[in-house]
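In our numbering, the protein residues as written are 383 to 728.
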Amino acid sequence: METRHVPLILVSHLVNIRYLTGFTGSAGMALMGLRQGILWVDPRYTLQAREQAEGWEVIEEKKGILKGVAAWLRKEGIRDVAIEASSLTFAQFECLRSETGNTLSMKPAGDLIEDLRVVKDRGEIEAIRGAGKVTAEAFSELLPYIRPGVVERDLATEIEYRMRKKGAEGAAFESIVASGPRSAYPHARPSSKALQESELVIFDLGAILAGYAADMTRTVFLGEPNRRVRELYSAVLKAQSGAIRSVENGAAAGEVDSSARRILAKHRLARYFTHSTGHGVGLEIHERPRLGKGETTCLRSGSVVTVEPGVYLEGFGGVRIEDTVLVGPQGPEVLTPASKECWVIS
Ligand code: ZN
Ligand code: ZN
């Protein structure tokens with residue numbers, strides 16, 4: 383904060399509030415200074431905030447959190463505060479301004495807290511490792527249920543049930559189960575379609591543990607795969623393994639993306655790979671860094687990213703393989719250890 387000349391920041395993004403204070407409630411605002419931290423909550427959360435936000439002054443606000451923040455700023459005579467431009471709404475901005483008598487100057491804080499979140503500490507890594515294990519185990523247990531006639535939505539329900547039974551707080555995102563031609567939609571929602579013989583099926587799932595997410599995709603084929611399916615699968619698998627190998631401390635994020643693309647290009651499949659290779663994972667399912675084309679940000683030891691190349695052929699289907707990977711001091715470590723030999727012979 384000192385180097386960026388931000389003496390005071392009003393934190394409104396709940397995930398960032400959780401990251402800084404430990405408070406997990408669904409409403410609140412935090413003001414972080416160089417020497418002090420205040421957390422405003424409504425009466426539903428007073429006790430919880432006092433328990434969770436160690437070292438923070440907790441203020442209970444009965445008549446609106448924002449009004450409380452504004453009153454405090456006014457009382458303290460504060461004229462300048464940095465805000466989180468991508469989470470504070472325009473209505474909140476206006477309210478702060480009018481409630482302080484139009485004397486408050488608000489500037490965007492930049493991605494100060496998001497930048498801190500990029501490198502995980504030991505506790506955070508353990509949480510993601512746990513989430514990855516639950517995710518991988520839930521999928522392995524699901525395999526016997528994957529057969530013709532089973533409905534996509536039922537498999538998605540089964541995934542979430544199994545993750546919760548294993549101690550997950552829930553799913554980090556709505557699980558994807560997409561079969562046949564629907565597997566060509568990278569972000570299909572599970573439907574009432576039943577799986578059929580000789581179809582590709584994409585499963586994209588992730589558990590949350592202690593607030594932290596994991597993210598994993600596996601693709602299976604129902605039946606004896608023909609040559610085309612084998613080629614697609616093995617090309618994506620090679621692209622994924624190659625990209626995982628390039629996940630190293632100091633490597634440019636874009637380099638991981640281009641190693642996946644290079645391998646798919648050798649198989650003439652690059653044009654079917656329509657999204658970026660991966661993204662950071664942590665308290666949020668999509669966070670920094672982005673592993674996309676031309677990204678120059680360097681990966682740092684302690685970051686956790688996904689590596690998820692995929693190819694999508696309209697009318698035919700898709701293949702995607704994704705793991706959550708830790709940028710370790712000795713190289714990449716896969717945190718979602720589920721088998722990638724997922725041919726289901728019915
Ligand atoms: Zn995913
Ligand atoms: Zn992902």
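Even for Gly, the Cβ is constructed at its ideal location relative to N, Cα and C.
Return the residue from the list P530, Y543, E666 and S574 that minimises the CA-CA distance to D597. Within the sequence shown, residue 597 is the residue found at index 215, counting from 1. Answer by Cα proximity: E666.
State the Cα-Cα distance for the pair I541 and F555, rounded to the nearest angstrom. Counting from one through the sequence shown, the residue named residue 541 turns up at place 159. Counting from one through the sequence shown, the residue named residue 555 turns up at place 173. Computed Cα separation, rounded: 12 Å.
Please say whether N631 and L681 have beta carbons closer to each other than 8 Å? Working through the sequence shown from its first residue, we reach residue 681 at position 299. Working through the sequence shown from its first residue, we reach residue 631 at position 249. In contact: L681 and N631 (Cβ atoms closer than 8 Å).
Less than 7 Å separating the Cβ of E677 from some heavy atom of ligand 2? Position 295 of the sequence shown, counted from the first residue, corresponds to residue 677. E677 Cβ: outside cutoff for every heavy atom of ligand 2.
M545, DSSP secondary structure in three states: Here residue 545 refers to the residue found at position 163 when the sequence shown is read from its first residue. Residue state, collapsed to three classes: helix.
State the DSSP-derived secondary structure class of G552, mapped to helix, strand or coil. The residue labelled residue 552 in the question sits at position 170 within the sequence shown. It is a strand residue.
Taking a contact to mean a Cβ-Cβ separation below 8 Å, would you say V574 touches V533 in this structure? In the sequence shown, counting from the first residue as 1, residue 574 sits at position 192. In the sequence shown, counting from the first residue as 1, residue 533 sits at position 151. A quick correction: the sequence has Ser, not Val, at residue 574. A contact, by the Cβ cut-off of 8 Å.
Cβ-based burial, K502 [other Cβ within 10 Å; buried from 16]: Residue 502 sits at position 120 when you count from the first residue of the sequence shown. That one is buried.
Where are the beta strand (DSSP E) runs, 3 residues long or more, that stay fully inside the region 675-701, in chain order? 686-689 and 692-695
Report all residues from its chain with a CB closer than 6 Å to the CB of C477; omit the five preceding and five following residues, and keep chain order. For this step, residue 477 is matched to residue 95 along the sequence shown. Around C477: L448.
Nearest residue (CA-CA) to G662, options R672, Y654, F655 and R653: Residue numbering aside, residue 662 sits at position 280 when the sequence shown is read from its first letter. Here the closest residue by C-alpha is R672.
Do R461 and Y401 count as a contact pair if the criterion is CB distance below 8 Å? Mapped onto the sequence shown, residue 401 falls at position 19. Mapped onto the sequence shown, residue 461 falls at position 79. Not closer than 8 Å, so no.
Just verifying my parser: in three-state terms, what is the DSSP assignment at D705? Start at 1 with the first residue of the sequence shown, and residue 705 comes out as number 323. Strand, per DSSP.
For A633, collect the residues of the same chain with a Cβ closer than 6 Å to its Cβ; drop the 5 residues on either side in sequence, then sort them by chain order. For the purposes of this step, residue 633 is identified with residue 251 of the sequence shown, where counting begins at 1. For A633, where only same-chain residues beyond five positions count, the Cβ hits under 6 Å are L681.
Report the partner residues of F585 according to the DSSP bridge assignment. Walking along the sequence shown from the start, residue 585 turns up at place 203. According to DSSP, F585 bridges with V559 and R600.
Just the C-alpha distance for A747 and G404, rounded to the nearest angstrom, thanks. For residue 747 there is no data in the structure shown, the boundaries of the chain being 383 and 728.
How about G710 and V689: are their beta carbons less than 8 Å apart? For the purposes of this step, residue 710 is taken as the residue at position 328 of the sequence shown. For the purposes of this step, residue 689 is taken as the residue at position 307 of the sequence shown. Not closer than 8 Å, so no.
CB of E696 to nearest heavy atom of ligand 1: below 7 Å? By 1-based counting over the sequence shown, the position of residue 696 is 314. Checking every heavy atom of ligand 1 against the Cβ of E696, none is found closer than 7 Å.
Is the beta carbon of L582 less than 8 Å from the beta carbon of G700? By one-based count along the sequence shown, residue 582 stands at place 200. By one-based count along the sequence shown, residue 700 stands at place 318. Yes, the pair counts as a contact, with Cβ atoms nearer than the cut-off.
Taking DSSP as the reference, what is the three-state secondary structure of S487? Translated into the one-based positions of the sequence shown, residue 487 becomes position 105. Strand at S487.
Where does the unbroken alpha helix (DSSP H) through D497 begin, and where does it stop? Indexing the sequence shown from 1 puts residue 497 at position 115. Looking at the DSSP string, the run of the alpha helix (DSSP H) that includes D497 is L494 to R499.
Would you check whether ligand 1 has a heavy atom nearer than 7 Å to the C-beta of D503? Locating residue 503 in the sequence shown gives position 121, counting from the first residue. No.
Three-state secondary structure (DSSP) of P526: Residue numbering aside, residue 526 sits at position 144 when the sequence shown is read from its first letter. The answer is helix: DSSP assigns P526 an H, G or I state.
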